[in-house]
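Some notes on the structure that comes next.
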Amino acid sequence: MDPYELITKYYPINSDIYRLLVTHSRNVADKALAIARNHPEMNLDLSFIEEAAMLHDIGIFLCNAPGIGCYGDMPYICHGYLGADLLRKEGYVRHALVCERHTGTGITRQMIEEQNLPLPDRNFVPETLEEQIICFADKFFSKTKPFQEKSVTKVKKGLSKYGKETVERFDEWRKRFLKE
């Protein structure tokens with residue numbers, strides 16, 4: 011599968027949002043692949059990691075995020091499951107799981123209920139190692155500053171607004187994937 015071909019189905023190739031999405035996704039894919047290559051003992055699917063990392067944010071155009079050039083109807087927090095719906099329709103069920111599970115360090119049913127989030131009532135927490143690595147790598151890159159990798163401190167500060175559990179999950183992944 012060619013993730014660029016799928017992206018161009020939903021994003022005009024010469025648009026600013028296409029360039030932003032591809033730049034962000036390429037950064038995430040490169041970091042995720044570097045992490046995966048440092049862990050041959052995990053027997054990770056590198057092709058899948060690259061494809062899914064390139065597609066993890068495919069649903070952003072459906073959301074209202076004018077700061078990054080998205081003018082859809084839905085809140086930005088919905089981009090994961092909306093992108094997952096697109097990928098399922100395209101026949102990429104495994105890739106869809108990465109889309110819907112990559113926000114924050116995952117969103118639990120309890121978080122949805124406690125924070126009254128506009129999400130379906132199910133867990134959106136990365137389960138497989140590939141899902142976790144892509145989600146982890148994504149935390150180091152924002153779409154508002156696409157050419158700048160965040161420090162661990164900055165990532166943790168940003169995640170802290172989502173609660174202690176979110177930061178703890180990030181720290182667990184950091185220890186596992188970066189051996190810190």
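Going by our numbering, the sequence shown wraps up at 190, each residue one higher than the last. Built from N, CA and C at the ideal position, the CB exists for glycine as well.
Proximity to residue i [Cα-Cα], best of the options
i                 : options                      : result
isoleucine 70     : Asp95, Ile59, Pro130         : Asp95
threonine 154     : Glu60, Asp26, Arg47, Gln125  : Asp26
leucine 65        : Pro76, Glu141, Asn48         : Glu141
leucine 56        : Asp67, Leu43, Asn48          : Leu43
leucine 72        : Leu54, Phe58, Leu92          : Leu92
threonine 163     : Arg184, His105, Val38        : Arg184
phenylalanine 157 : Asn48, Pro50, Gly82, Val32   : Val32
glutamate 124     : Lys19, Lys160, Tyr172        : Tyr172
glutamate 137     : Gln120, Ala106, Met11, Pro50 : Ala106
Contacting residues, own chain, Cβ-Cβ under 8 Å from residue i (five flanking each side not counted)
i                 : result
phenylalanine 180 : Thr115, Phe146, Lys149, Val165, Lys166, Leu169
Span separating the alpha-carbon of residue i from that of residue j
i             : j             : result
threonine 113 : asparagine 24 : 27 Å
asparagine 74 : isoleucine 68 : 14 Å
arginine 132  : asparagine 53 : 29 Å
histidine 34  : glutamate 175 : 25 Å
tyrosine 102  : valine 108    : 10 Å
leucine 97    : asparagine 48 : 29 Å
histidine 89  : glycine 82    : 10 Å
lysine 10     : glutamate 159 : Lying outside 11 to 190, the shown extent of the chain, residue 10 is not represented and no answer is given.
methionine 84 : lysine 189    : 38 Å
aspartate 40  : leucine 139   : 16 Å
valine 177    : methionine 11 : 34 Å
Residues near residue i in its chain [Cβ-Cβ closer than 6 Å; skip 5 each side]
i          : result
glycine 79 : Asp26, Ile27
proline 13 : Glu61, Met64, Leu65
Sequence-distant residues of its chain with Cβ nearer than 7 Å to residue i (five each side left out)
i             : result
proline 22    : Tyr28
glutamate 100 : Leu16
Proximity of residue i and residue j at Cβ, strictly below 8 Å
i                 : j             : result
phenylalanine 187 : isoleucine 45 : yes
isoleucine 117    : valine 38     : no
valine 235        : arginine 111  : This structure cannot speak to residue 235, because the chain is shown only from 11 to 190.
isoleucine 87     : leucine 30    : no
Beta-ladder partner(s) of residue i, from DSSP
i             : result
methionine 84 : Cys73
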